[in-house]
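>
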Amino acid sequence: MKKFEEKTIEKEVLYEGKIINLQIEKVELPNGKQSAREIIKHPGAVCIIAITDEGKLVMVEQYRKALERSIVEIPAGKLEPGEEPIITAARELEEETGYGSEQLVHLISFYTSPGFADELVHVFVAKNLYKIENARGADEDEFVELEEITLEEAERYVAEQRIFDAKTAYAVQYLRLQKLIEQNKQD
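Going left to right, the sequence shown walks through residues 205 to 391 as my numbering numbers them.
#1: Which of helix, strand or coil does DSSP assign to Arg366?
#2: Would you check if the distance between the CB atom of Glu298 and the CB atom of Ile253 is smaller than 9 Å?
#3: Between Leu218 and chain D, is any beta-carbon pair separated by less than 9 Å?
#4: How far does the alpha helix (DSSP H) with Thr292 in it reach, from first residue to last?
#5: Beta carbon of Leu350, beta carbon of Thr301: below 9 Å?
#6: How far does the beta strand (DSSP E) with Asn225 in it extend, from its first residue to its last?
#7: Assign Asn388 to one of three DSSP states: helix, strand, or coil.
#8: The beta strand (DSSP E) that contains Glu352, what's its start and end?
#9: Quick one: using the 10 Å Cβ neighbour count with 16 as the cut-off for buried, is His326 buried or exposed?
#10: What whole-angstrom Cβ distance do Glu359 and Val376 have, given they're in contact under 8 Å?
#11: Enumerate in chain order the residues of its own chain whose CB-to-CB distance from Lys245 is below 7 Å, with the five nearest sequence positions on each side excluded.
#12: Quick one: what's Tyr267 bridged to in DSSP?
#13: Give the C-beta separation of Leu355 and Lys331 to the nearest angstrom, bearing in mind that I take them to be a contact with Cβ-Cβ under 8 Å.
#14: So, Ile290 versus Asp369, is the Cβ gap smaller than 9 Å?
#15: How would you call Val217, buried or exposed, if buried means at least 16 neighbouring beta carbons within 10 angstroms?
#16: Per DSSP, which residues does Gly221 bridge with? Please list them.
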């Protein structure tokens with residue numbers, strides 16, 4: 205038995221959507237009592253820390269209905285069924301920014317909200333970017349504006365809450381850490 209395992213007794217799917225499914229699971233707790241868990245099932249996603257040759261971070265600004273506002277984010281998108289994350293990353297980078305990458309490297313994967321969702325996000329770093337002529341555009345229901353900003357501008361966006369999501373905040377902190385490591389090597 206896994207430590208603290210909650211055994212599912214009963215499962216009810218409440219909603220099946222285009223992006224997520226919502227279910228309630230009746231579980232038996234480690235102490236023998238029962239409880240209910242509301243769980244969002246998600247196919248997974250990718251996000252891309254894309255860096256230009258000039259050292260700028262490629263971002264997109266878009267409206268997020270759940271927040272009722274626009275925020276600036278790193279490019280990202282949902283995995284399609286059976287699609288490898290690196291393929292999704294290359295596709296999303298092209299669709300949202302018009303860029304391709306000669307060097308697309310998996311950095312890390314993390315769960316966004318394990319208390320209620322199983323969404324796993326795969327983070328990639330894209331370097332040696334190139335513009336793609338006739339690039340696939342964003343999805344027909346997606347409106348984005350491209351921005352290329354410095355790390356210092358990104359940090360200012362965080363302070364101003366223009367960058368206000370976990371994956372992009374992670375990207376900014378990752379780049380800050382990389383810069384510190386490079387500075388320490390030079391000292």
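Ideal Cβ placement from N, Cα and C applies to all residues, glycine included.
A quick look at the data gives this:
#1: What you label residue 366 is simply residue 162 of the sequence shown in a count that begins at 1. Arg366: coil per DSSP, three-state reduction.
#2: Working through the sequence shown from its first residue, we reach residue 298 at position 94. Working through the sequence shown from its first residue, we reach residue 253 at position 49. Not a contact, by the Cβ cut-off of 9 Å.
#3: The structure shown contains no chain D; it is built from a single protein chain.
#4: For the purposes of this step, residue 292 is taken as the residue at position 88 of the sequence shown. Where Thr292 is concerned, the enclosing alpha helix (DSSP H) starts and stops at 289 to 301.
#5: The residue you call residue 350 lines up with position 146 of the sequence shown. The residue you call residue 301 lines up with position 97 of the sequence shown. Going by beta carbons, Leu350 and Thr301 fall inside the 9 Å limit.
#6: As a position in the sequence shown, residue 225 is number 21, starting the count at 1. For Asn225, the enclosing beta strand (DSSP E) starts and ends at 225 to 232.
#7: The count along the sequence shown starts at 1 and reaches residue 388 at position 184. Helix.
#8: By one-based count along the sequence shown, residue 352 stands at place 148. Residues 348 to 353.
#9: Counted from its first residue, the sequence shown places residue 326 at position 122. Buried is the call here.
#10: As a first step, residue 359 must be located in the sequence shown, where it is residue number 155. As a first step, residue 376 must be located in the sequence shown, where it is residue number 172. Correct: roughly 6 Å between the Cβ atoms.
#11: Start at 1 with the first residue of the sequence shown, and residue 245 comes out as number 41. The answer, listed in chain order, is Ile224, Asn225, Gln227, Asp322.
#12: Position 63 of the sequence shown, counted from the start, is the residue given in the question as residue 267. Answer is Ser274, bridged to Tyr267.
#13: The residue you call residue 355 lines up with position 151 of the sequence shown. The residue you call residue 331 lines up with position 127 of the sequence shown. About 15 Å separates the beta carbons of Leu355 and Lys331, which is beyond the 8 Å limit, so they are not a contact pair.
#14: Indexing the sequence shown from 1 puts residue 290 at position 86. Indexing the sequence shown from 1 puts residue 369 at position 165. In this structure, Asp369 does not lie closer than 9 Å to Ile290 by Cβ.
#15: Here residue 217 corresponds to residue number 13 of the sequence shown, with the count starting at 1. Counting Cβ neighbours within 10 Å, Val217 comes out exposed, since fewer than 16 surround it.
#16: Working through the sequence shown from its first residue, we reach residue 221 at position 17. None; Gly221 has no bridge partner.
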